[in-house]
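Remarks on the structure that follows.
2 protein chains.
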Amino acid sequence: MVQDSIRILQAQGHKATKPRKLVLEVLEETEKPLSPYNIQEILRARGQYLNHVTIYRILDLLCHLNLAHKMLSSGGFVKCSMDAVEGCHRFMVCQHCGAIQEFADEGLCQGENEFARNLGFHTEYHLSEFSGLCSQCYRK
Amino acid sequence: MVQDSIRILQAQGHKATKPRKLVLEVLEETEKPLSPYNIQEILRARGQYLNHVTIYRILDLLCHLNLAHKMLSSGGFVKCSMDAVEGCHRFMVCQHCGAIQEFADEGLCQGENEFARNLGFHTEYHLSEFSGLCSQCYRK
DNA sequence: TAGCTAATTGCAATATTGTTGCATTTATCC
DNA sequence: GGATAAATGCAACAATATTGCAATTAGCTA
């Protein structure tokens, strides 16, 4: 919910501005990775205007607060689901419909971190992206 | 080895040109993610000149042939090590020295793919990046 | 080894994406 | 409602990426 994000925003001393609400709404509704200019266009189509600089700054903030996430493969932004394992982000991206799905699994994370540790690597955070077909697109 | 990559290149019907050798050499020597313009600069410092368009195209080709890989976090390119598990790339990036290390583990891949499958996702390929400290930098 | 040809590169122009400093506006506190 | 710090918009610019076309080159053949 946009309201949840706004509340977190305010709890950290940030203002609940109209541009921030607009960006959060777009991210929430779309559920696909969006570039800053994508977001600008979507809003423009709705008769809303935000300067691209503003959008960049809002996305920076949201990522900092872990309310949004920058996808590695596409560079687009998505709204975070709230249940991620600390220091680990895992996404599935459907090549067909473009939908993304975030998921978290403590076991997978531990397995991977342990593997790295055995190679002498001290893991700070960890990103993982699957590309393929979601259940709906696979059936077709 | 650059020679190995060149051989693969030719086996697929591509020419072993001077620009391609130069880019491969830089990637091999540097062992850190490099942007196209990074590569251009390094070459320039050696008195070699390549147009940036050429470098973009060479990197495209190398990635297609799985001889190079575009890092997710930085967008920079690295030379692939040859032992990656099919459809799965896994890297460790040291936050301190910037070095990257590719590694492969059949077991990890299977675990992750199975996890995705249980969620109804049909995985085509899979990318994973660890960020942290390599063994040498961690000791300090 | 020279000549041929398709592949590759360089160039110029342009498009897209991202950043900075500063004036103006706005959310929040009183 | 007014004060004030935060946030936004604007303009200018920097960096990164793409396209079409002319010039060059690697690798083949004679």
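These protein sequence lines map, in sequence, to chains A and B. So in my numbering, spot 90 of the first sequence is number 82, and the numbers just go up one at a time. So in my numbering, spot 95 of the second sequence is number 87, and the numbers just go up one at a time. Note that beta-carbon positions come from the ideal geometry of N, C-alpha and C, so glycine has one too. All values derive from a computational prediction rather than experimental measurement.
In the structure shown, K10(B) adopts helical secondary structure according to DSSP, grouped into three states. A straight-line Cα-Cα distance of about 13 Å links G67(B) and G68(A). Under DSSP, L119(A) forms a beta bridge with H81(A) and E121(B). At least one CB atom of chain B sits nearer than 8 Å to the CB of H118(A). Interface residue (Cβ-Cβ distance to chain A less than 8 Å): Q102(B) is not classified as such. Three or more pairs of CB atoms, one per stretch, sit closer than 8 Å, so the segment 117 to 124 of chain B contacts the segment 81 to 91 of chain B. Straight-line measurement puts the Cα of Q87(A) at about 25 Å from the Cα of N58(A). Closest in C-alpha terms to L42(B), from the list I(-2)(B), Q32(B), L51(B) and K71(B), comes Q32(B). Under the criterion of beta carbons closer than 8 Å, I50(A) and V(-6)(A) do not qualify as touching, at roughly 13 Å.
Ranking G5(B), G112(B) and D97(B) by CA distance to the CA of F95(A) puts G112(B) first. Within the same chain, Cβ atoms closer than 8 Å to the Cβ of Q4(B) are found at L57, the five residues on either side in sequence being excluded. From the beta-carbon of M84(B), the residues of chain A found nearer than 9 Å are A108, L111, F113 and T115.
If you check the CB distance, P28(A) and H44(A) come in under 8 Å. Scanning chain B for C-beta atoms nearer than 8 Å to the C-beta of S65(A) yields L64 and L119, reported in chain order. A direct Cα-Cα distance of roughly 12 Å separates K7(A) from S(-3)(A). Residue range E98 to N110 is occupied by the alpha helix (DSSP H) that includes E106(B). For E17(A), the closest C-alpha among the options A60(A), Q2(A) and D52(A) is that of A60(A).
By the CB criterion at 8 Å, C101(A) and C126(A) fall outside the cutoff.
Boundaries cannot be given for A91(A), as no beta strand (DSSP E) includes it and DSSP labels it neither H nor E. Distance from the CA of D97(B) to the CA of C129(B), rounded to the nearest whole angstrom, comes to 24 Å.
For F69(A), the enclosing beta strand (DSSP E) starts and ends at F69 to K71. For the pair Q40(B) and L53(A), the Cα-to-Cα distance works out to about 41 Å. Unbroken beta strand (DSSP E) stretches of 3 residues or longer found wholly inside the segment 36 to 61 of chain B: none. E104(B) is the residue among S123(B), F122(B) and E104(B) whose C-alpha sits nearest the C-alpha of S123(A).
Judged by their CB atoms, V70(B) and L1(B) are not nearer to each other than the 8 Å cut-off. Cβ contact annotation for M63(B) (same chain, cutoff 8 Å, sequence separation greater than five): P25, F69, V70, F83, V85, I92 and E121, in chain order.
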